[in-house]
Amino acid sequence: MKKKSFLRNAILLSLLVGATAVYSPVVMAAEDVAASGDSMEFAMEEYVVTASRTQTAKVDTPANVSTIDAAKIESRRYQDVAEALKDVPGVSVMDTGSGAYEKAVIINGDSRVLIMVDGRRVEVAAGTKSGRASFDMNLLPDVNNIERIEIVKGAGGALYGSDAVGGVVNIITKKMDHNYGKLSMAFGSNQSREAKAMYSIKEGKTGVYVSANKAKQGYYKFKDVADKSTKRWPYNSKMDSEKVSLKISQELNESTNVEVGYDYSKYDGFSSGNLFNSRGNSYNKNKSSNIYAKLNWILNESDDGYIQIYHNEFKYTSNREGDNWLWGDIKEKTIGVDIQQAIKTSDTNKVVVGASWHKSDIDDYQDVMVSGDRGISYNEDLSNKAVFINDTWEFMPTWTLNAGVRYDKHNYAGSKTTSSAGLNKRFDDFSHAYINWGQVFKAPSGTDLFDPYMGNRNLKPEKGDTWTIGYGTKIAEKTDVNINCFQSKLEDAINWAPDALGYWHTENVDKQKKNGFELSINHQLNDNWDIEASYTYVRVRNDYNDGLGYVRDINYMPNTYRLGVRYHNEKWNADLIVRAANGGDTHRINSGWCNAFVDSSFVTVDMAATYKANNQWSVFAKGYNLLNKAYAERANVVGGHYDYPAQSRRFIVGAEYSF
-7 MKKKSFLRNA ILLSLLVGAT AVYSPVVMAA EDVAASGDSM EFAMEEYVVT ASRTQTAKVD
53 TPANVSTIDA AKIESRRYQD VAEALKDVPG VSVMDTGSGA YEKAVIINGD SRVLIMVDGR
113 RVEVAAGTKS GRASFDMNLL PDVNNIERIE IVKGAGGALY GSDAVGGVVN IITKKMDHNY
173 GKLSMAFGSN QSREAKAMYS IKEGKTGVYV SANKAKQGYY KFKDVADKST KRWPYNSKMD
233 SEKVSLKISQ ELNESTNVEV GYDYSKYDGF SSGNLFNSRG NSYNKNKSSN IYAKLNWILN
293 ESDDGYIQIY HNEFKYTSNR EGDNWLWGDI KEKTIGVDIQ QAIKTSDTNK VVVGASWHKS
353 DIDDYQDVMV SGDRGISYNE DLSNKAVFIN DTWEFMPTWT LNAGVRYDKH NYAGSKTTSS
413 AGLNKRFDDF SHAYINWGQV FKAPSGTDLF DPYMGNRNLK PEKGDTWTIG YGTKIAEKTD
473 VNINCFQSKL EDAINWAPDA LGYWHTENVD KQKKNGFELS INHQLNDNWD IEASYTYVRV
533 RNDYNDGLGY VRDINYMPNT YRLGVRYHNE KWNADLIVRA ANGGDTHRIN SGWCNAFVDS
593 SFVTVDMAAT YKANNQWSVF AKGYNLLNKA YAERANVVGG HYDYPAQSRR FIVGAEYSF
């Protein structure tokens, strides 16, 4: 009987792989909560792993940590990780409104954020197109593969090294603990359509997970802030996206297992640009391909450890529409190794030690006529070696001290030691107060160092420290309240500066100060209604070394508000999400280009609804910008129009089948 079951699953898996390879217009949506084991997801919410690199009760963690679980991803019908992160207090996404342009996550006002998948770095060493960001969120695995997302806000340099300045986003993918599958398809406004499929097998000690999706959008519309009319973007604005994931897990014995996997992601299309650019938009092609293997073990029944090896490839190409000019062609290959071991030295003390090494080969070819008449390029390596140790000590009942130190050796940025310390007081199983401090450093990106026009090989790493103080509690078993404040200071910040001849290049010229406040409340009204609300204030100030001292960074609106209302029963699940912001700078508006907002505030409303017809079939709908507001999340204005306007009102409807 067992052999027949395995044969049946193998046939289903083969059919699924074949179907997704030719893109049958069928797809999966998020895993059914009942099928995935809701009780386990609920229990997992009390523990986090990213803040201390080992599983720790959230109430014992001296850090500002937010989580998004699979149930919330399914409930709100998030289309990608970037959309999910927009609902996290203290987090924003630099979104241009166009799917073919990068999306960069910002935590506590800082885009220097480390992105990981199952604890594995996926950053692009060459750097991205938006400021100091290290990764394009469009290239992450599909949200339906995700078990939970952990967001640690604040310095993570002592644990994770470079890029973890504003914080860390760790995407934890689903485990193969039972057999299930999903198919779904959806259609929507602006010629959008999406198809997804997935299947998971668990037979004995072997688990296999495979998923694929394909999404398209023919064009996009926006509400013009200048004349309040809804317009179709005047140039080509189509977007195509493909994602494939495969993961295999094998239990070697009761305390050891090995995982191997492959993630592929591609999106291409026309990115939005200046509305009045007569040459139109640029055509972007972005592709990532990641292969990895990880061996996990447990020693002495409690001391977990692992070693993982990964190989990441990234390629970005941009052509300007309407002529034969190639703006850029970046190819990057990264290989890395991580090893970590947790050691419980006593009932009240746990130490985590580890080491890592990664090397990126960057090939950047820029500003080249297709005919080959002109062009400049560089080919360079960036590498880093590191060792770290982190100690978690319950030195008194309900008091925990978390301290860490890390040593990095970068082939261009040199050697750097960073430290961190956090103190946590647990009042009961649901309440704690904490304070933490951490040092950070950010090694220059490949573009900062080697760009033929603006690069500077003598750059120093950006460095600084952060402080966070917070309190979290549960009131009357139905209300969660979290409040925290943060402050950070960065030295040797990298920015463009003119030389004696007036040519711009990168220099360690800036200083940055950031401070903020965050308040979030989650409340269960009754068995069918839930509500969540949050307010975030972030102030970013820069000293450009021009004698004017610290001035406000006007790229962001400082005040952000979020409100979510959810209704759910056995058949229905509906979410209404309100996002608002104010305090945007409008004083620099003129007839030309300026880095500001037309309106100092905006309010946008989204909705998601699912009807479960039976255990196998459900239908869903998602609506965006229901009030059809004219707004932008990125501060750029050209002639009174937003350079990167958000999309206007649009809808998506679909169906999914579970088996």
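No gaps in the numbering here: position 634 of the sequence shown is 626 in my numbering, and each next residue is one more. Virtual Cβ for every residue (Gly too), placed ideally from N, Cα, C.
Report all residues from its chain with a CB closer than 6 Å to the CB of residue 183; omit the five preceding and five following residues, and keep chain order. Non-local beta-carbon contacts of residue 183 in its own chain, meaning distances under 6 Å to residues more than five positions away in sequence, involve 210 in chain order.
Just checking my contact of residue 130 with residue 245 at CB under 8 Å: how many whole Å lie between their CB atoms? In fact, because the Cβ distance is near 39 Å, the residues do not count as touching under 8 Å.
Proximity winner among 340, 114, 394, 334, relative to residue 411 (alpha-carbon distances): Considering only 340, 114, 394, 334, the residue with the shortest C-alpha distance to residue 411 is 394.
Are the Cβ atoms of residue 137 and residue 165 separated by less than 8 Å? Less than 8 Å divides the Cβ of residue 137 from the Cβ of residue 165.
Got a sec? Which residues, its chain only, sit under 6 Å from residue 399 by beta carbon, not counting five neighbours each side? For residue 399, same chain residues with a beta-carbon under 6 Å away, outside a window of 5 residues either side, are 379, 409 in chain order.
Touch test, the segment 56 to 72 against the segment 495 to 508, Cβ-Cβ under 8 Å, three pairs minimum: Put simply, the segment 56 to 72 does not touch the segment 495 to 508. Fewer than three CB pairs are less than 8 Å apart.
Can you tell me whether residue 58 is buried or exposed? The criterion is at least 16 other CB atoms within 10 Å of its CB, across all chains shown. Residue 58 comes out buried.
How should residue 168 be labelled, buried or exposed, when 16 other C-beta atoms within 10 angstroms of its C-beta is the threshold for buried? Buried, by the Cβ-count rule.
Counting beta carbon pairs with one atom in the segment 93 to 106 and one in the segment 146 to 162, are three or more of them shorter than 8 Å? With a cut-off of 8 Å, the segment 93 to 106 and the segment 146 to 162 count as touching, because enough Cβ pairs lie within range.
Is residue 494 buried or exposed, if buried means 16 or more other CB atoms sit within 10 Å of its CB? Around the C-beta of residue 494, fewer than 16 other C-beta atoms lie within 10 Å, and the residue is accordingly described as exposed.
Residue 548 vs residue 101 beta-carbon contact at 8 Å: In this structure, residue 548 places its C-beta atom within 8 Å of the C-beta atom of residue 101.
Could you tell me which whole alpha helix (DSSP H) segments of length 4 or greater appear in the segment 30 to 84? 30 to 36, 62 to 67, 73 to 77, all fully within the segment 30 to 84.
How big is the Cα-Cα spacing for residue 642 and residue 144? In this model, residue 642 and residue 144 are separated by some 32 Å (Cα to Cα).
Classification of residue 612 by the beta-carbon crowding that lies within 10 angstroms, buried from 16 upward: Buried, by the Cβ-count rule.
I'd like to confirm something about residue 340: is its beta-carbon nearer than 7 Å to some heavy atom of the ligand SAH, or not? As for the ligand SAH, it is missing from this structure, which has no ligand bound.
Can you tell me whether residue 651 is buried or exposed, with buried defined as 16 or more other CB within 10 angstroms of its CB? With fewer than 16 other Cβ atoms within 10 Å, it is exposed.
Compare the C-alpha of residue 649 against each of 484, 602, 93, 480 and name the closest. Cα-wise, what sits closest to residue 649 is 602.
Cβ contact check for the segment 211 to 220 and the segment 627 to 647: 3 or more pairs under 8 Å: A contact is defined here as three or more CB-CB pairs under 8 Å, and the segment 211 to 220 meets this definition with respect to the segment 627 to 647.
Among 540, 424, 42, 132, which residue has its Cα nearest to the Cα of residue 466? Per the Cα distances, 424.
Residue 150 by DSSP, collapsed to three states: which one? Residue 150: helix per DSSP, three-state reduction.
What did DSSP end up calling residue 135 once you bin it into helix, strand or coil? Three-state DSSP puts residue 135 in a helix.
Can you give me the start and stop residues for the beta strand (DSSP E) that residue 658 sits inside? With the chain running from -7 to 651 in the structure shown, residue 658 is simply not present.
Boundaries of the beta strand (DSSP E) in which residue 454 is found, first to last residue: Going by DSSP, residue 454 is part of the beta strand (DSSP E) stretching over 454 to 467.
Just the C-alpha distance for residue 337 and residue 343, rounded to the nearest angstrom, thanks. Each residue's Cα considered, the two are about 7 Å apart.
Same chain only: Cβ atoms within 6 Å of residue 600, ignoring 5 sequence neighbours per side: Non-local C-beta neighbours of residue 600 in its own chain, meaning closer than 6 Å and more than five positions away in sequence, comprise 68, 69, 567, 614, ordered along the chain.
The beta strand (DSSP E) enclosing residue 560, as first and last residue numbers: 551 to 560 is the span of the beta strand (DSSP E), which, as asked, contains residue 560.
Inter-residue spacing [alpha-carbon to alpha-carbon] between residue 295 and residue 335: Spanning the two alpha carbons is a distance of roughly 5 Å.
Consult DSSP for residue 450 and reduce its assignment to one of helix, strand or coil. DSSP places residue 450 in coil when its eight states are reduced to three.
Would you list the one or two residues that DSSP bridges to residue 344? Beta-bridge pairing links residue 344 to 334, 382.
Under 8 Å, with one C-beta from each stretch per pair, do the segment 508 to 516 and the segment 485 to 492 reach the 3-pair mark? Taking one beta carbon from each stretch, the segment 508 to 516 and the segment 485 to 492 have fewer than 3 pairs nearer than 8 Å; the two do not touch.
Relative to the C-alpha of residue 506, which residue among 527, 478, 178 is closest? Closest option to residue 506, Cα to Cα, is 478.
Quick check on DSSP: helix, strand or coil for residue 177? Assignment of residue 177 by DSSP, reduced to helix, strand and coil, places it in the strand class.
Determine the direct distance from the alpha carbon of residue 596 to that of residue 617, and round the result to whole angstroms. Approximately 5 Å between the Cα atoms of the pair.
Nearest to residue 249 by alpha carbon, out of 290, 226, 219? The candidate whose alpha carbon is nearest that of residue 249 is 290.
Is there contact between the segment 299 to 311 and the segment 41 to 50, where contact requires at least three CB pairs shorter than 8 Å? Between the segment 299 to 311 and the segment 41 to 50 there are fewer than three inter-stretch CB-CB distances shorter than 8 Å, so the stretches are not counted as touching.
Spatial neighbours of residue 303 in its chain, beta-carbon cut-off 6 Å, leaving aside the 5 residues before and after: Cβ within range, chain order: 283, 327.
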